[in-house]
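Worksheet: one structure, shown below.
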Amino acid sequence: MKTFFFACLICVTHLNAADIVVYGGVPCGIAASIVAAREGAKVVLIEPTKHVGGLSTSGINTSESEHMLKWTIGGIADEFYRRLGAHYQTSGPEYFFESSVAEKTYLDMLREAGVEVRFGASVDKVEKDGARITAVTLTDGSKLQAKVFIDAGYEGDLMARAGVKYAVGREAKAEFGEEAAGVRFDKTARQARTVDEIGTLLPGISAWAKDLHEGDAHRAPMNYNFRLTVAKDPKLQVPIPAPKHYDEKRYALLAGWFRDQTQQKKPVKLADIIDLYGRRNGKFEMNNKQSAIYSLGHFGGQFDWPDATYEERTRIYQDHMDYTLGLLHFLAADAAVPASMQEEMKALGLHKDEFTDNGHLPYQLYVREARRMRGEYVVTQQDVQVDRRKSDSIGMSSHFIDCHHVQRVALNENEFVNEGRIWRMGYAYQIPYRALTPKAAECTNLLVPGAASFTHVAFCTLRLESVWMITGHAAGIAAALAVKDDVAVQKVPLAPLQDKLRAQKQVVDFIPGLPEKCEHLNGPPEF
């Protein structure tokens, strides 16, 4: 077995060579690294943080199978969930889990495959010879060479630095003929004061609705939030910390709504503001609540993240953390919040067994969407709902088209409307290999299974860790074949790629008799 070790990138200063460099120790990158190493390639996996697993180890404790056709989850994704099932002693794959258990499972799989994992630095520069990447330099000054590179990260940072074209935000309806594209106003206006005493829009409201037009392109992706793991049992709790910077004015819209509800003698409860999913061992997962007047989603806070510098992202990250902890503090202590809800909030604490080296707070912000490559083929709404069969299939998805809101916009001084939400029926569809490859003129030895070549609407069906493991699996095998045959990633022979994926139980093909329409809409089980 190959030697497996973790190296602190701060200590690495010499030139490193590998067959394949994978950027992003998220589930997509983990899958790519493991399968490529199993094919005999020397693989280096670069993870900018101190932990692998992305959001699966930062608070998202579901495969999202409740909104998918489970038969489409195969390959290494299925292997991972079956390992979780073995840990929990269930009879098959386990789709609901704990962050710490997921991280240990990923680390075990990486060690067994002999993948070299390095933590603590990000991609800084990309060197190219024509359309071929020759080396990447990291933010600590170290340099890595490889025959093939895989950008598995949420943001597509390596891809962007390699000069590959990409999109950010939402395309207009007209660009690809997508009915769900562009600016999208909710049908129902919400009653709340939208401006302060001098007519300035309140925090959390981005614009006036009159300045936007339905179906137009817009620069911002859907909102981001943290997925905190909390406990109701006092024996399992540590206190939720105060934000570094608290400003009650950030929640003025919510305060006004509470006062209005109180005047109308309408009861409110914490579940009106925050979704709380029951998980294992007394753990509850906090999430943005779509129907809430105000929730964990930091509307407008995500606008600049995709193309931001690392320093700017640090600021945006902290702003999201201040917003999140500030909201929880507000709900527990502000005079505008009804006493019953304050008590509900005060009864919660962070779970003492998760994220123990990070103040029990998740390691990563939930970046639902950032850059999206413009590759050899752009997957659109039509591809995920109608034209769902592809001859170069390398895996399948079946998730709903699920886009959280992007922003709040004021209709007048006393009404606003949320904007950006999409929720469409899911269908099984084949993911084309061409959506993982840049245009050959731009780069010939890079695969992008994370920030893949999808429109915003179609990307809403890709942006799940379970599906990203599927694209990562395909990218890892394709990279290994490109190294073995010494060919451009665009020239990897399709039949051997698909045959190998099928042999590894990746679901590449439709299966006669199995449903293609994801009609169930079940919530997660309670533990």
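Counting from 65, one number per residue, gives the positions in the sequence shown under my numbering. We put the CB at the ideal spot given by N, CA and C, even for glycine.
Expected contact under 8 Å - CB spacing of residue i and residue j to nearest Å
i      : j      : result
Ala226 : Leu510 : 6 Å
Lys308 : Asp386 : 6 Å
Lys416 : Gln494 : Incorrect: roughly 44 Å between the Cβ atoms, too far for contact.
Phe290 : Gly123 : 7 Å
Thr508 : Ala96  : In fact, because the Cβ distance is near 18 Å, the residues do not count as touching under 8 Å.
Tyr441 : Ser530 : Contact doesn't hold; Cβ gap of about 22 Å is too wide.
Cys524 : Ile458 : About 20 Å; that fails the 8 Å criterion.
Pro217 : Tyr87  : Strictly speaking, residue 217 in this sequence is Gly, with Pro absent from that position. That pair is a contact at about 6 Å.
Val521 : Glu191 : Contact doesn't hold; Cβ gap of about 35 Å is too wide.
Leu425 : Leu414 : 7 Å
Cys92  : Thr535 : 6 Å
Lys347 : Ile337 : Lys347 to Ile337, Cβ: 20 Å. No contact.
Phe604 : Met460 : Because the chain here runs from 65 to 591, residue 604 falls outside it and cannot be looked at.
Ser455 : Cys582 : Rounded, the Cβ-Cβ distance is 23 Å, inconsistent with contact.
Pro285 : Val232 : 7 Å
Gln209 : Ala199 : 5 Å
Residue i - DSSP class collapsed to helix/strand/coil
i      : result
Arg140 : Just to set this straight, residue 140 is Ile in the shown sequence, not Arg. Ile140 falls in the helix class under three-state DSSP.
Trp272 : strand
Gln255 : strand
Phe68  : Because Phe68 carries a pLDDT of 41, less than 50, the predicted location of this residue cannot be relied on, and the following value inherits that uncertainty. Coil.
Pro560 : helix
Glu176 : helix
Lys106 : coil
Glu583 : coil
Ala544 : helix
Phe367 : coil
Leu265 : strand
Val187 : strand
Val572 : coil
Val181 : strand
Phe161 : coil
Thr126 : strand
Leu578 : coil
Asp383 : helix
Asp549 : helix
Gln554 : helix
Ala226 : coil
Lys503 : coil
Glu243 : coil
Val531 : helix
Ser155 : coil
Ala567 : helix
His115 : coil
Thr525 : coil
Cys75  : Residue placement at Cys75 cannot be trusted, given a pLDDT of 39 that sits under 50; what the coordinates show is reported in the next sentence. In the structure shown, Cys75 sits in a helix (DSSP, three-state: H, G or I).
Asp204 : coil
Leu148 : helix
Gly220 : coil
Residue(s) in a DSSP beta bridge with residue i
i      : result
Gln209 : Ala81, Ala199
Tyr87  : Ile110, Asp215
Pro496 : Ser457
Arg234 : His282
Lys192 : Ile197
Leu510 : Phe213
Phe249 : Glu483
Phe518 : Val443
Which ranges would you report for the alpha helix (DSSP H) in the region 425 to 492 if only whole runs of at least 4 residues count?
445 to 449
Could you tell me whether the region 267 to 283 touches the region 463 to 472, using the rule of 3 or more Cβ pairs below 8 Å?
yes
Three Cβ pairs or more, each shorter than 8 Å: is that satisfied between the region 384 to 401 and the region 322 to 337?
yes
For the region 278 to 294 against the region 234 to 247, do three or more pairs of beta-carbon atoms, one drawn from each stretch, fall closer than 8 Å, so that the two count as touching?
yes
Which parts of the region 275 to 362 are runs of the alpha helix (DSSP H), unbroken and 4 residues or longer, counting only runs that do not cross its ends?
316 to 327
How about the region 317 to 328 and the region 253 to 268: do they share at least three Cβ pairs that are nearer than 8 Å?
yes
What runs of the beta strand (DSSP E), each 3 residues or longer, lie entirely inside the region 389 to 424?
413 to 415
Check whether the region 486 to 506 touches the region 552 to 561, counting contact only when three or more Cβ pairs, one atom from each stretch, lie closer than 8 Å.
yes
Count the C-beta pairs between the region 557 to 568 and the region 117 to 133 that are closer than 8 Å, then say yes if the count reaches three, no if not.
no
Can at least three beta-carbon pairs, one atom from the region 133 to 152 and one from the region 571 to 585, be found at a separation below 8 Å?
yes
Inspect the CB distances between the region 166 to 180 and the region 103 to 115 and report whether three or more fall short of 8 Å.
yes
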